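Worksheet: one structure, shown below.
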Amino acid sequence: MKKRITALGVVMFSALTLVACGNEAETEVEPQVTAVAVEEVYEGSLLGSNRFIGQVQAGGQSAIIPKIPGELVEVNVKKGDTVEEGQVLAKVNDQDLRLQLEADEAQLAQARNGLKRAENGKTQAQANVSQAEASLNQARQGLMDAKSAQSSQQKAIEQQIKEAQQTVDQLTRSLAEGGASEEQVKQAEQLLQSLLASQQGSGSMAGAGQSLSSIEATVEQAKKGVELAEASTTDADLAIQDAKRMVEQAEKAVERSRERLDDAVIRADVSGELLAVEGEVGDIVSQQAPFAQIISLDTATVSVNVTADQLAYFNEGQEVDVEVSSVSGTQTGVVSYIASSVGETRLFPVEVELASPDEAIRQGMVATIFTEEVLVENERIVPTEAILEGQGRAFVYVVEDDVAREIDVEVIRFDSELSAIRGEIEVGAEVIVKGQHLIEDGSVVRINREV
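What the sequence shown shows, in mature numbering (1 follows the signal peptide of the UniProt record, and there is no 0), is residues -20 to -1, 1 to 431, in sequence order.
Structure representation (structure tokens):
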């Protein structure tokens, strides 16, 4: 009996020892770490999308009116054709217009020849002025030379008179002294009288005076020649001005005739599709009826009717997305018109213009206009999957020093991907978006940046 008790004690001691060792091993196990993915909290807005169903209308129709009346001699298009701006659609008989243009061009050539003759006349007049001025300068130089010669001759005569007077005086004194004869004195006195007579205008001096007057008359005549030449230059300038006016008038006449000739060509004023062509070769057209109707393919308009409350979603110039049935892809449109009053449907018409519509878009197709609405502004935005709910409250987990902290939040706007919240959470905080269902407040976590 004693042996059994001892054995039992040994067994119990061993069991206690094992239990103690087991507890010690449990306290040494590291806490469980949960891998999570996070997203940063940011401040922003949530936008909502609204849809409006409308119908595609033609971007615009243009009536092609002939600029001149006449017979169609050429028609290059038919109904349904696609045309480009400036493309020739048809031509009106232009025979009379061509004849008028030829006549105006001939008149222009004649006017230009007249201008050339006037310019040549001015050149000749300028040459005549130069020649007349040269003749005047020559005459003036001749007058100066004649006056100089006359002055020299006068001085020579005066010198001769002086010398003759001295000779007479000497011979008179010599006669008194008995040295000279009376005949010698008489001859000296005759020479003196002859020189005095020449000085008073007789003889060579008179001829020199007549020559000087003739030269002065030549100078005056040369002056008149210069004046006449200069007057002819002025006349030439006036003739050039008149000729230039004639050329300008003729050029304008030619320009008008060319414009009239070009008016005989009927062109498309816009790019688009021909809805109608009202004329065949041989038909008479006029400005009172359109030759063709073009619907523009460069632009299209989507018209919708909205309620007064929905007007707030539209602003003129606002860009919106447009989807057209049976046409793939999204078109970009601009709100071009917002009615100020209701239409027949008691709704407000709104028009959106498609600047570069897909070629497959046709008038009458159903189109959907998408507009954005600001649902929330300047709030904390987090991924919706980060928000958890339980026991009538909403909360998120925020990672702080590798530990998950549970923070209560108020959901301002709940959406499929992003939601707006309020609470004791800062912008830039990292909220757990994956692994949040495997943790609790205080759990140790490891952020997996690759998720």
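Even glycine gets a Cβ: it sits at the ideal position worked out from N, Cα and C. Computed from a prediction, not measured in an experiment: that's the story for all the values here.
Check your understanding: When the Cα of Leu26 is compared with those of Ser423, Thr364 and Gln371, which residue comes out closest?
Key -> Numbered from its first residue, the sequence shown carries residue 26 at position 46. Out of Ser423, Thr364 and Gln371, Thr364 has the C-alpha closest to the C-alpha of Leu26.
Exercise for review: From the DSSP output, read off the bridge partner residues of Asp301.
Suggested key: For this step, residue 301 is matched to residue 321 along the sequence shown. BP columns for Asp301 point to Thr312 and Phe350.
Check your understanding: Since residue 433 and Leu241 are thought to touch, with beta carbons under 8 Å apart, how far apart are those beta carbons, to the nearest angstrom?
Key -> The chain is shown only over -20 to 431; residue 433 falls outside these bounds and no answer can be derived.
Check your understanding: Going by Cα to Cα distance, which pick from Met345, Arg393 and Ala335 is closest to Asn358?
Key -> As a first step, residue 358 is located in the sequence shown; it is residue number 378 there, counting from the start. Looking at the Cα atoms, Arg393 is the closest of the given residues.
Point to revise | Beta bridge counterpart(s) of Phe394 as assigned by DSSP | key: Reading the sequence shown from its first residue, position 414 is the one you call residue 394. Beta-bridge pairing links Phe394 to no other residue.
Review point. Is Val227 helix, strand or coil when you go by DSSP?
Key: For the purposes of this step, residue 227 is taken as the residue at position 247 of the sequence shown. Note: Val227 maps to helix in three-state DSSP.
Exercise for review: Would you mind stating whether Gln67 and Met345 have Cβ atoms separated by less than 9 Å?
Suggested key: As a first step, residue 67 must be located in the sequence shown, where it is residue number 87. As a first step, residue 345 must be located in the sequence shown, where it is residue number 365. Taking 9 Å as the Cβ cut-off, Gln67 and Met345 do not qualify as a contacting pair.
Point to revise | Cut-off 8 Å between Cβ atoms - residues of its own chain near Gly264, not counting five sequence neighbours on either side | key: To locate residue 264, count along the sequence shown from 1; it is residue 284. Reading off the sequence shown, one finds Ile at residue 264, where the question assumed Gly. Same-chain partners within the cutoff: Pro49, Gly50, Glu51 and Leu52.
Check your understanding: Under 9 Å between the Cβ atoms of Ile427 and Asp381?
Key -> By one-based count along the sequence shown, residue 427 stands at place 447. By one-based count along the sequence shown, residue 381 stands at place 401. Contact: no.
Check your understanding: Smallest Cα separation from Arg78: which of Thr351, Ala126, Val234 and Phe375?
Key -> Translated into positions along the sequence shown, residue 78 becomes position 98. Nearest option by C-alpha distance: Val234.
Review point. Quick one: Cα of Leu355 to Cα of Ser29, how far?
Key: As a working note, residue 355 is residue 375 in the sequence shown. As a working note, residue 29 is residue 49 in the sequence shown. Each residue's alpha carbon lies about 10 Å from the other.
**Study point:** Buried or exposed by the 16-neighbour rule on C-beta atoms within 10 Å, applied to Asn3
**Key:** Here residue 3 refers to the residue found at position 23 of the sequence shown. For Asn3, the predicted structure reports a pLDDT of 48, less than 50, and the residue's modelled location is therefore unreliable. A value from the coordinates is still provided. Per the 10 Å Cβ criterion, exposed.
**Study point:** Reference Gln273; option with closest CA among Ser321, Val16, Ile45 and Glu19
**Key:** In the sequence shown, residue 273 corresponds to position 293, counting from 1. Checking every option, the nearest Cα to that of Gln273 belongs to Ile45.
Practice item. Pull up the CB-CB distance for Val391 and Phe375, whole angstroms please, since I reckon it's below 8 Å. Key: Position 411 of the sequence shown, counted from the start, is the residue given in the question as residue 391. Position 395 of the sequence shown, counted from the start, is the residue given in the question as residue 375. Their Cβ separation, rounded to whole angstroms, is 10 Å, which puts Val391 and Phe375 out of contact at 8 Å.
Review point. Buried or exposed: Val13, going by 16 or more other Cβ atoms within 10 Å of its Cβ?
Key: Position 33 of the sequence shown, counted from the first residue, corresponds to residue 13. Counting Cβ neighbours within 10 Å, Val13 comes out exposed, since fewer than 16 surround it.
Exercise for review: Assuming Ser283 and Glu296 form a contact by the criterion Cβ under 8 Å, report the distance between their Cβ atoms to the nearest whole angstrom.
Suggested key: In the sequence shown, counting from the first residue as 1, residue 283 sits at position 303. In the sequence shown, counting from the first residue as 1, residue 296 sits at position 316. So it is not a contact: roughly 15 Å between Cβ atoms.
Point to revise | Straight-line gap, Thr152 to Ala136 (C-alpha atoms, nearest Å) | key: Position 172 of the sequence shown, counting from 1, holds the residue named residue 152. Position 156 of the sequence shown, counting from 1, holds the residue named residue 136. Approximately 24 Å between the Cα atoms of the pair.
Point to revise | Straight-line gap, Gln221 to Gln267 (C-alpha atoms, nearest Å) | key: In the sequence shown, the residue the question calls residue 221 occupies position 241. In the sequence shown, the residue the question calls residue 267 occupies position 287. Whole-angstrom Cα-Cα distance: 40 Å.
Check your understanding: The beta strand (DSSP E) spanning Val21 covers which residue range?
Key -> Here the question's residue 21 lines up with position 41 in the sequence shown. Neither: Val21 is in no beta strand (DSSP E) and is coded neither H nor E.
Check your understanding: So which of Val261, Ala335, Thr103 and Gln87 has the shortest CA-CA distance to Lys232?
Key -> Residue mapping note: residue 232 aligns to position 252 of the sequence shown, counting from 1. The shortest Cα separation from Lys232 among Val261, Ala335, Thr103 and Gln87 belongs to Gln87.
Practice item. Inspect the beta-carbon positions of Gly408 and Ile387 and report whether they are closer than 9 Å. Key: Taking the first residue of the sequence shown as 1, we reach residue 408 at position 428. Taking the first residue of the sequence shown as 1, we reach residue 387 at position 407. No, they are not a contact pair.
Point to revise | For Arg342 and Ser308, the rounded distance between their alpha carbons | key: Counted from its first residue, the sequence shown places residue 308 at position 328. Counted from its first residue, the sequence shown places residue 342 at position 362. Computed Cα separation, rounded: 13 Å.
Check your understanding: Mapping DSSP to helix, strand and coil, what is Ala177?
Key -> To locate residue 177, count along the sequence shown from 1; it is residue 197. If DSSP states are grouped into helix, strand and coil, Ala177 belongs with the helices.
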